[in-house]
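Chemist:
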Amino acid sequence: MELMKAIVSRNSIRKYKPEQITEDELNLILKAGCAAPIGMGKYNYMHITVIQNPSFIKNSLKK
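Next comes the structure, spelled out in structure tokens:
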């Protein structure tokens, strides 16, 4: 996919499939996230949280 097409066609997903992504897919996503630019170069403060338990997410949203 071309870069501009990907940027213009992006959207937010609120309903997810029940199956988990593979470990390779997760690692690729994390690698991309770690390579993303951060304001003022504050890489020491960057934190990525991976939650794979759907009930944890559901319970967290109730609070």
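In full-length UniProt numbering, the protein residues as written are 1 to 63. We put the beta carbon where it would ideally sit given N, CA and C, even for glycine. Please read all numbers here as calculations on a predicted model, not as lab measurements.
1) Pick out whichever of Asn-53, Thr-49, Ser-9 has its Cα sitting closest to the Cα of Gly-33.
2) Going by DSSP in three states, Asn-11 sits in which element: helix, strand or coil?
3) Counting only runs of 4+ residues fully inside the UniProt domain "Nitroreductase" (7-55), write out the alpha helix (DSSP H) ranges in chain order.
4) Give a yes or no on whether 8 Å exceeds the smallest Cβ distance from Asn-59 to chain D.
Modeler: Walking through what the data contain:
1) Thr-49
2) coil
3) 23-35
4) You won't find chain D in this structure, because it holds only one protein chain.
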